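422 is the number of the first residue of the sequence shown in my numbering; add one for each residue after it.
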Amino acid sequence: MLIKFLSSCSFCRQFSTSSSSNKVKNSEEWHKRHIKDRFVQQSRAENYRARSAFKLLEIQDRFQLIREGNYVVECGGAPGAWTQVLTNIIGGKGRIVSCDLLLIEPIPGAITLSKTDFTHPDSQAAILKHLGGRKIDVVLSDMAPNLSGTKELDQMMTTNLVYSVITFSLMNTTAGGAFLTKTFFGEQTKRIVDDLLKFYRSVEYIKPESSRKESSELYLLARDFKGIKKRK
Ligand SMILES: C[S@@+](CC[C@H](N)C(=O)[O-])C[C@H]1O[C@@H](n2cnc3c(N)ncnc32)[C@H](O)[C@@H]1O
């Protein structure tokens with residue numbers, strides 16, 4: 422599956438052949454590219470708080486991941502573009518609990534927990550309290566650590582974040598539920614997928630069109646949670 426993804430994905434081909442493009446970090450150039458970017462323009466036109474909305478919209482379009490009435494937990498929700506997408510899909514019957522280390526300006530129809538470190542047990546307890554004892558249908562994580570610039574350290578921090586959401590999901594998702602996480606392609610990617618496959622019936626690698634080609638960012642979508650049996 423990984424090999425299929427690597428050979429089919431233009432991002433992976435770039436990732437393996439072009440390290441210089443990854444080094445284009447000049448902020449002026451970044452700013453120029455940003456304002457020309459079609460997803461930035463589209464997000465402004467459609468009143469989304471960030472271009473990242475289009476990543477979730479594409480995934481939703483392809484996989485119908487979220488349904489009206491779902492209970493959804495979102496990790497790393499600031500500034501709130503994914504939360505906006507979620508409120509449009511879920512409507513009044515479900516529940517959306519979104520958290521971030523940063524401020525998330527309120528979004529009608531969602532519970533937003535700002536200044537909240539998802540990895541802290543108290544934060545996870547607060548999220549669960551807002552769900553009122555109901556299991557989660559979909560857990561989403563778009564969390565990204567503050568990158569240090571050291572590849573190995575960045576991969577380690579990203580992997581730690583991913584596993585903290587996986588653990589939370591396994592404990593709190595309803596059977597048949599789903600899990601979507603951002604990660605950055607690296608040595609740990611296959612291990613994460615192998616671990617997810619122990620608990621979910623399928624895992625997809627996704628590089629949305631709006632995810633910048635020069636970034637090693639990708640999303641893993643795990644579907645049809647098998648449930649976990651507690652030992653007696
Ligand atoms: C790419 S942004 C999310 C964008 C968001 N999906 C949207 O559409 O508006 C990644 C976010 O992850 C958050 N983050 C990183 N580590 C976190 C943690 N331990 N707990 C909560 N949020 C975290 C960052 O503060 C940042 O706002």
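Even glycine gets a Cβ: it sits at the ideal position worked out from N, Cα and C.
On a predicted model such as this, the values are computed, not experimentally measured, just so you know.
Close-in-space but distant-in-sequence residues of the same chain around residue i (CB under 6 angstroms, 5 per side omitted)
i: L477; result: W503 and V506
i: F475; result: F460 and S631
i: T438; result: Residue placement at T438 cannot be trusted, given a pLDDT of 37 that sits under 50; what the coordinates show is reported in the next sentence. Closer than 6 angstroms at Cβ, skipping near neighbours: no residue.
i: T580; result: Q609
i: H551; result: V518 and I532
i: G512; result: E489
i: G530; result: T508
Proximity test, residue i beta-carbon vs ligand 1 heavy atom, cut-off 7 angstroms
i: M577; result: no
i: L524; result: no
i: W451; result: no
i: T580; result: no
i: G512; result: no
i: D563; result: yes
i: A474; result: yes
i: A531; result: no
i: R470; result: yes
i: D521; result: yes
i: A547; result: no
i: T571; result: no
i: G598; result: no
i: F539; result: yes
i: A499; result: yes
i: P542; result: no
i: A502; result: yes
i: P527; result: no
i: P566; result: yes
Beta-carbon proximity list for residue i, same chain, < 7 angstroms, skipping 5 on both sides
i: E479; result: P629, E630 and S631
i: S431; result: Confidence is the limiting factor: at S431 the pLDDT is only 37, short of 50, which leaves the residue's position unreliable and the question unanswerable from this model.
i: Y469; result: A502 and Q505
i: K514; result: E489 and G490
i: L568; result: D575
i: F436; result: Reliability fails at F436, whose pLDDT of 35 lies under 50, so the model's placement of it is uncertain and no value is given.
i: R472; result: D458, F460, V461, S464 and S631
8 angstroms CB neighbourhood of residue i in its chain, flanking five on each side removed
i: Q481; result: I487, V506 and I510
i: M422; result: The pLDDT assigned to M422 is 46, lower than 50, so where the model puts this residue is not dependable; a value taken from the coordinates is nonetheless given after this. V614, V624 and Y626, listed in sequence order.
i: I649; result: L591, M592 and F620
i: V493; result: I487, L507, I511, G515, R516, I517, V518, I557, D558, V559, V560 and L561
Nearest neighbour of residue i, chosen from the options [CA to CA]
i: P542; options: K556, R612, T588 and G607; result: T588
i: R654; options: G648, I649, L642 and K647; result: Missing from the structure shown is residue 654; the chain here goes from 422 to 653 and no further.
i: R516; options: D538, R555 and A499; result: R555
i: L582; options: S473, G497, G490 and A471; result: G497
i: R454; options: K653, K634 and K650; result: K634
i: E526; options: L549, G490 and G501; result: G501
i: V586; options: I548, N491 and N468; result: I548
i: T508; options: D521, N491 and E449; result: N491
i: E495; options: N468, T537 and Q462; result: T537
i: S544; options: G553, P566 and D521; result: D521
Beta carbon of residue i nearer than 8 angstroms to that of residue j
i: Y640; j: K603; result: yes
i: F539; j: T594; result: no
i: A499; j: L534; result: no
i: E644; j: R622; result: In the sequence under discussion, the amino acid at residue 644 is Arg, which differs from the Glu named in the question. The answer is yes: Cβ separation under 8 angstroms.
Segment contact, 8 angstroms Cβ cut-off, at least three pairs: the region 554-564 with the region 583-602: yes
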